[in-house]
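Trainee: Let me begin by handing over the structure; questions about it come next.
Protein chains: 2
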Amino acid sequence: MTLPTRSAAAASSNENLASSNEYLAGDTGRAGIEDRGEAPDADGLAAGPVRVDLLFEPSGRRVRVPAGVTLFDAASWNGIAIDSTCGGHGTCKKCKVRMLDAAAAPSALDIRAFSAEEIRDGWRLACRAQAAGDARVEVPPLVTRPKAATVGVGRQVILRPAVQKRYLELAEPSLADQRSDLERVLAALDDLELRADLHAVRSVGRALRAADYHVTAVIVDDVLIDVEPGDTSGRLFGIAFDLGTTTVVATLLDLSTATPVAVASALNRQQPFGADVITRISAAMMDPDTLGRLTALAQETLADLAAEVCAAGEVDPAEVYEVALAGNATMTHIVLGIDPEPLGVAPFILATRLLPEALAADLGVAAHPRARAVIFPPFGAYVGGDITAGLLASGMDRDSRTRLFVDIGTNCEIVLGNRDWLLATAAPAGPAFEGAAIRCGMRAADGAIEVVTMTPDSLELQVIGDAEPVGLCGSGLVDAVTGLVRLGLLDSSGRLVSEEQAASLAPGLAGRLTRLGAERVFVLHWLGAAGDVSRSVYLSQRDVRELQFAKAAIATGWHILLEEAGLRPADIQQVLLAGSFGSYLSPANAIRLGLVPEIPVLRVVSAGNVAGEGAKMALLSVRERAGGLALLEEVRYVELSDRADFNDRFIDQLAFPG
Amino acid sequence: MTLPTRSAAAASSNENLASSNEYLAGDTGRAGIEDRGEAPDADGLAAGPVRVDLLFEPSGRRVRVPAGVTLFDAASWNGIAIDSTCGGHGTCKKCKVRMLDAAAAPSALDIRAFSAEEIRDGWRLACRAQAAGDARVEVPPLVTRPKAATVGVGRQVILRPAVQKRYLELAEPSLADQRSDLERVLAALDDLELRADLHAVRSVGRALRAADYHVTAVIVDDVLIDVEPGDTSGRLFGIAFDLGTTTVVATLLDLSTATPVAVASALNRQQPFGADVITRISAAMMDPDTLGRLTALAQETLADLAAEVCAAGEVDPAEVYEVALAGNATMTHIVLGIDPEPLGVAPFILATRLLPEALAADLGVAAHPRARAVIFPPFGAYVGGDITAGLLASGMDRDSRTRLFVDIGTNCEIVLGNRDWLLATAAPAGPAFEGAAIRCGMRAADGAIEVVTMTPDSLELQVIGDAEPVGLCGSGLVDAVTGLVRLGLLDSSGRLVSEEQAASLAPGLAGRLTRLGAERVFVLHWLGAAGDVSRSVYLSQRDVRELQFAKAAIATGWHILLEEAGLRPADIQQVLLAGSFGSYLSPANAIRLGLVPEIPVLRVVSAGNVAGEGAKMALLSVRERAGGLALLEEVRYVELSDRADFNDRFIDQLAFPG
């Protein structure tokens, strides 16, 4: 997340900046969807901000929030719906509440929205009234539904983007009113405390005179970025990017309705420089010009996707006022033109965790010229912004349950914890799960075997794209190995049993257990004549070893985190399998392989592309964005590479579970 | 001045931000070089910040300052010298003072600079200790002289640029210390509260590893803009630009010593589009592409001058970390690419008074890629940033004397006031003083008559460049007209007397009073044969009328300001003639013509190029820069164009003083 988002929590309610920052520092991710019952001070933030109690009527819900937050935020963070169509930006004037005991001082907007009598009676706009002390607040029945979207792992996000538009009908200047064009516009936005971007200063004069002083102000956080002629207030868009090492996904979001307009994905154009981050870092280390080329290729990938989703959604790129990007640390460094070399060699150092203010243009994306780029911050060299986004999307820091988040890839990121504490680490799983280093491995593309179902007598394959199988992707690999383990054709040490044993254990499959040269293999599909192993899709003994190494690295990672937390595997109440591989992997097989702890299978959940979901959440809600930033302070990173006991523990994890 | 300078007052002492902003709001230009005697609250800022009394020992000087300012600032603003070589940036640790009664809490820097016993004894670094309440402060005798420069109209500016460099020797990272590169650098700058620019994030990793973790941090205000390998702390430069309609001047300043390194000037390349701002605005109105061309030409002028001064000073443009620009409103709009059209037509509206944050790159100037541009803000369409800079340089808002500031040009800016109040206006003088609209007029260039000395019997000319006279520039025009008035050859209504009268009044000159066609002329120099008027440099009756119109417009302007202030001409204690024309004009002639009030001639002072001086001050001192910004709030603009009595008053001023 870029630095400007530190103040994003304040969004349009800039008068709350100080209190919002307090909130950020200690509490952002905490108060929230789950009712805590006890006072939230229990999280140990003794030195944190002053809290106040609010009692919402008629629901009778009592919530405890940092002093200074608005009633609107206090309510929406706690799932109490207050009328609003603007999401707390002060434009719709629908969030009317009544402060029953001590009412806050009326704001400039209150004076416009209410009669003097109503103000005396305690009526206030919830988005402007701050919770200065304990208070009782009456919330009228809903007339409109606040705009919201379900994103991430069942997260209900109330729309409150950093981008807002305000349509203004202004008086023309005269010799008696010679205020500058910019001052004229800002005076009509006096509930905000804005600074203007040079772009807005360049456009304001022409916009005012082109449309009889009827214009739309475009605001991102506390910056006026543009003034557009006429009423364009219904047109505001953002693009969420999931910048993967392999695949890049772009989602165009309508920020006035919280709806996705178009989605597109493409391979990362850096592919020719290697399949994983280490080979790309190495390429940049070998040749000083390569960094520039890698940066350009990543930016071109984003730019083409942005153009594609805008075309599909019939959106002018200049109507895209903000983009968000979640990627691993290496991809994030490279796309910003930051040398990734220190990420690739011990002691694995990031250029920065807190990314500075950046523009969509800094990512090479054609959008509004002053469109912001919100970039998710990494925790460490191998727990990147994609994981920050994933944790945000899965609500790891807001759930009372102790959960294990596992994003399986060449580098496997593992996070353990609940709303009170979070531990993260990265395990070097190697490329097995991405089909690399596997003899017949391939990416999850057309022709890849993705599901393998075995009985002692039969074997069925499911192939991506309904094509002739040509290789084995990660999920197919896991299926094949777990199938062989289940049938006893692989022993728990990972050795393929003898052909005699196989014939008795699984007579229908025994013919598939054979040799290619000196190596033992299990044939999944004959491409040519049966018996011609060289023309088949097979699993080799060495492939099994690769998978064992990968799963042992991952299991070692979460075992060490459990130990750091003083917990046992059975204490884990849910496992979230993140990333594209996670969504293909069968939970039962993940348990069988020992990739995840042995807990009831229904507690192992595929969370999908949580990085992309987190990026969408950041665009839809400054509140969620601030929560993502706060994660940096909430997660403790556990480095595995300097642990003397890592290798012993790794060997302990090589076997398949009994 | 750009918006970032609002926070510039805080500079490196970011902990003072809130109090510094208070200072800016009400007091910046006020406390200062002049001792007020009485409490400064007398300026009517009853709602301003809390003030505290400080007694400096052994001098016994008592000063009253807003609570929260540092002792260093409080002293230097009041002319009390405290040892310092860094100008209050917290790097030199020389500004040691002792708080005699209640000492401020020690800062992080105090703990490094003093022993525990010294801290107990009240020793503090003055640049970090805040004046929270009334206090007595012991200032040791000076060991070093604080770096200072005399700029502007005798203004002594203590060096405190927004740009600072810090040389850091950092520990290498390890698995036990995996802080990101940026966090490592920022931790060593923990007395500042910095945010990092993307450029710094891009450079930090390579800089650290290129120089064994010995690097120099480059900071502008509260932004880390770069990290350079090794110790470059002695190399920091800025360029001050005076962007005139006609002439552009660039001064390269060494910001570590407050010394000018190189100066260059050039004609504004926009010249082909017209001599004055109105013709350039008209050009932009006629053809929509012209604005872009005018912007490019202004930027090219600045860029070439920047390259020239850098070459002359042997400075790498990347060592220029800040530039400042003072120009009239039209030039400022155009160079930033802002449409100037609304400046040129009633009701004369600026795009903005407060210019947004800009970079040197936004001005087309090659410097450090993140070099800031400090742009002086205009008061109105015809009282531009050049006047803001000029008022700063001449200390108009800090002097107890009531002074009249007159910048003579096609548009004449007039400011009247003292440290308690300031009134400004603009008078449409027309181009006479720039030699345009005068038959034999020319700019002040080689061959221009700049001084004319007349007696009844003789006439002597002084010519620029020691050349044959080919025309008459503004000062020569004024000399010629005042000479003729003095000799009686021009009557007080501005009519050339008859040839008979001339022969009796000035027998030696009578032959010069003749005709060209129907028009009466006075020949200053025969280019061909005596008597061939068509080949001579002459002054025509119409030229005299042009000059009368110009001087009447100006005199009307300051008469109206005097009336607004309830003062008479004799109340003016000093007249400052600003701008290049002002420095050529003889004070005696200015009085004789009625251009300025009839006051003792020694009180009329040529102030020189005060706009350029103001730009230099802004680079040398964030304190002075903040003072320039504060002027916007302190000056009241008086619009002449809607005054019903303007024409009557104008006619009253046409005559030459008795």
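Those protein sequences? They're chains A and B, same order as listed. Position in the first sequence (from 1) plus 186 gives the number in the working numbering. Position in the second sequence (from 1) plus 186 gives the number in the working numbering. Yeah, the Cβ is synthetic: ideal placement off N, Cα and C, and Gly gets one too.
Based on the DSSP secondary-structure assignment, which residues constitute the bridge partners of P446/B?
Mentor: To locate residue 446/B, count along the second sequence from 1; it is residue 260. Answer is L439/B.
Trainee: Taking the CB atoms as reference points, tell me whether L295/A and G276/A lie closer together than 7 Å.
Mentor: As a working note, residue 295/A is residue 109 in the first sequence. As a working note, residue 276/A is residue 90 in the first sequence. Contact: yes.
Trainee: Can you give the Cα-Cα distance for R681/A and A738/A, rounded to whole angstroms?
Mentor: Along the first sequence, read from residue 1 onward, the residue named residue 681/A stands at position 495. Along the first sequence, read from residue 1 onward, the residue named residue 738/A stands at position 552. Their Cα atoms are separated by approximately 15 Å.
Trainee: Roughly how many angstroms lie between the CA atoms of L361/A and Y823/B, to the nearest whole one?
Mentor: Here residue 361/A corresponds to residue number 175 of the first sequence, with the count starting at 1. Here residue 823/B corresponds to residue number 637 of the second sequence, with the count starting at 1. Their backbone Cα atoms lie some 12 Å apart in a straight line.
Trainee: Would you kindly work out how many angstroms separate the C-alpha atoms of E784/B and L753/B, rounded to a whole number?
Mentor: For the purposes of this step, residue 784/B is identified with residue 598 of the second sequence, where counting begins at 1. For the purposes of this step, residue 753/B is identified with residue 567 of the second sequence, where counting begins at 1. Their backbone Cα atoms lie some 14 Å apart in a straight line.
Trainee: My understanding is that A260/A touches L240/A, with C-beta atoms under 8 Å, so please give their C-beta distance in whole angstroms.
Mentor: Your numbering for residue 260/A matches position 74 in the first sequence. Your numbering for residue 240/A matches position 54 in the first sequence. With 8 Å as the limit, A260/A and L240/A qualify as a contact, their Cβ atoms being about 6 Å apart.
Trainee: Given that P359/B touches chain A, what residues does it touch there, using C-beta distances under 7 Å?
Mentor: For the purposes of this step, residue 359/B is taken as residue 173 along the second sequence, with counting starting at 1. By Cβ distance, chain A contributes P533, I535.
Trainee: Taking the straight line between their C-alpha atoms, what separation do you get for M472/B and L806/B?
Mentor: Counting from one through the second sequence, the residue named residue 472/B turns up at place 286. Counting from one through the second sequence, the residue named residue 806/B turns up at place 620. C-alpha separation (whole angstroms): 41 Å.
Trainee: Using CA atoms only, rank isn't needed, just tell me which of L602/B, H745/B, L368/B, A489/B is closest to V390/B.
Mentor: For this step, residue 390/B is matched to residue 204 along the second sequence. The shortest Cα separation from V390/B among L602/B, H745/B, L368/B, A489/B belongs to L368/B.
Trainee: Taking 7 Å as the CB-CB limit, is Q839/A close to chain B?
Mentor: In the first sequence, the residue the question calls residue 839/A occupies position 653. Not an interface residue.
Trainee: Taking 7 Å as the limit between beta carbons, can you name the residues of its chain near A393/B, skipping five residues before and five after?
Mentor: As a first step, residue 393/B is located in the second sequence; it is residue number 207 there, counting from the start. Contacts found: V401, V413, E414, P415.
Trainee: What are the start and end residues of the alpha helix (DSSP H) that includes L517/B?
Mentor: Start at 1 with the first residue of the second sequence, and residue 517/B comes out as number 331. For the sequence presented, residue 517/B should be read as Met rather than Leu. Element bounds for M517/B: 515-521.
Trainee: From I740/B, R706/B, E732/B, pick the residue whose C-alpha is nearest to that of Y724/B; which is it?
Mentor: In the second sequence, residue 724/B corresponds to position 538, counting from 1. The candidate whose alpha carbon is nearest that of Y724/B is R706/B.
Trainee: State yes or no: is the C-beta of R698/A nearer than 6 Å to some heavy atom of the ligand GDP?
Mentor: The ligand GDP is not among the ligands present in this structure, which contains no ligands whatsoever.
Trainee: List the residues that DSSP assigns as beta-bridge partners of V434/B.
Mentor: Sequence index remark: in the second sequence, residue 434/B carries index 248 (1-based). Its beta-bridge partners are L429/B, A452/B.
Trainee: Would you say Q845/B faces chain A, with C-beta separation under 7 Å as the test?
Mentor: Not covered by the structure: residue 845/B. The range shown for chain B is 187 to 844.
Trainee: Nearest to A289/A by alpha carbon, out of R698/A, K279/A, G319/A?
Mentor: Here residue 289/A corresponds to residue number 103 of the first sequence, with the count starting at 1. When each option's Cα is compared against that of A289/A, the closest is G319/A.
Trainee: Would you kindly check if the distance between the Cβ of K282/B and the Cβ of S270/B is under 7 Å?
Mentor: Counted from its first residue, the second sequence places residue 270/B at position 84. Counted from its first residue, the second sequence places residue 282/B at position 96. For S270/B and K282/B, no; Cβs fall outside 7 Å.
Trainee: Does G254/A get closer than 7 Å to chain B when you measure Cβ to Cβ?
Mentor: For the purposes of this step, residue 254/A is taken as the residue at position 68 of the first sequence. With 7 Å as the cut-off, G254/A does not count as an interface residue toward chain B.
Trainee: How would you list, in chain order, the residues of chain A whose beta-carbon sits under 8 Å from the beta-carbon of T538/B?
Mentor: The residue labelled residue 538/B in the question sits at position 352 within the second sequence. S366, D367, L368, E369, A382, V387, V390, listed in chain order.
Trainee: So, helix, strand or coil for H275/B, using DSSP?
Mentor: By 1-based counting over the second sequence, the position of residue 275/B is 89. If DSSP states are grouped into helix, strand and coil, H275/B belongs with coil.
Trainee: Please decide whether R216/B counts as near chain A, where near means a Cβ-Cβ distance under 7 Å.
Mentor: By 1-based counting over the second sequence, the position of residue 216/B is 30. Below a pLDDT of 50, predicted positions are generally treated as unreliable, and R216/B, at 33, falls in that range; no measurement from the model is reported.
Trainee: Taking 7 Å as the cut-off, decide whether the C-beta atoms of A575/B and G800/B are in contact.
Mentor: Here residue 575/B is taken as the residue at index 389 of the second sequence, counted from 1. Here residue 800/B is taken as the residue at index 614 of the second sequence, counted from 1. Their beta carbons are under 7 Å apart, which means A575/B touches G800/B by this criterion.
Trainee: Taking 7 Å as the CB-CB cut-off, is I467/B touching chain A?
Mentor: Numbered from 1 along the second sequence, position 281 holds the residue referred to as residue 467/B. Output row for I467/B: interface = no.
Trainee: I'd like to know if F836/A contacts chain B, where contact means its C-beta is closer than 7 Å to some C-beta of that chain.
Mentor: Residue numbering aside, residue 836/A sits at position 650 when the first sequence is read from its first letter. No, its Cβ sits nowhere closer than 7 Å to a Cβ of chain B.
Trainee: Provide the residue span of the beta strand (DSSP E) that contains L311/A, from first to last.
Mentor: Stepping through the first sequence from its first residue, residue 311/A is reached at position 125. 309-311 is the span of the beta strand (DSSP E), which, as asked, contains L311/A.
Trainee: Using DSSP with H/G/I as helix, E/B as strand and the rest coil, what is C281/A?
Mentor: On the first sequence, residue 281/A is found 95 positions in, with the first residue counted as 1. It is coil, neither helix nor strand.
Trainee: Using 7 Å as the limit for Cβ to Cβ distance, is P555/B near chain A?
Mentor: To locate residue 555/B, count along the second sequence from 1; it is residue 369. Output row for P555/B: interface = no.
Trainee: Is the CB of P542/A under 7 Å away from at least one CB in chain B?
Mentor: For this step, residue 542/A is matched to residue 356 along the first sequence. True, the Cβ-Cβ gap to chain B drops below 7 Å.
Trainee: In whole angstroms, what separates the C-alpha of A845/B from that of F832/B?
Mentor: Lying outside 187 to 844, the shown extent of chain B, residue 845/B is not represented and no answer is given.
Trainee: Roughly how many angstroms lie between the CA atoms of D398/A and D363/A, to the nearest whole one?
Mentor: Taking the first residue of the first sequence as 1, we reach residue 398/A at position 212. Taking the first residue of the first sequence as 1, we reach residue 363/A at position 177. If I take the Cα positions, the gap works out to 16 Å.
Trainee: Is any beta-carbon of chain A found at less than 7 Å from that of G550/B?
Mentor: As a first step, residue 550/B is located in the second sequence; it is residue number 364 there, counting from the start. Not closer than 7 Å to any Cβ of chain A, the Cβ of G550/B fails to qualify, so no.
Trainee: Could you list which residues in chain A have their beta carbon closer than 8 Å to that of I524/B, in chain order?
Mentor: Counting from one through the second sequence, the residue named residue 524/B turns up at place 338. Neighbours of I524/B on chain A, chain order: V387, R388, G391.
Trainee: Check the Cβ of E825/B against every Cβ in chain A and list those closer than 7 Å, keeping chain order.
Mentor: Mapped onto the second sequence, residue 825/B falls at position 639. Under the 7 Å cutoff, chain A gives L361, Q364.
Trainee: Skipping 5 residues on each side, what residues in its chain have a beta carbon closer than 7 Å to that of Q760/A?
Mentor: Taking the first residue of the first sequence as position 1, residue 760/A is located at position 574. So the list reads R587, R589, R789, V791, once near-sequence residues are dropped.
Trainee: Should A537/B be labelled buried (16 or more other beta-carbon atoms within 10 Å of its own) or exposed?
Mentor: Residue mapping note: residue 537/B aligns to position 351 of the second sequence, counting from 1. Label assigned to A537/B: buried.
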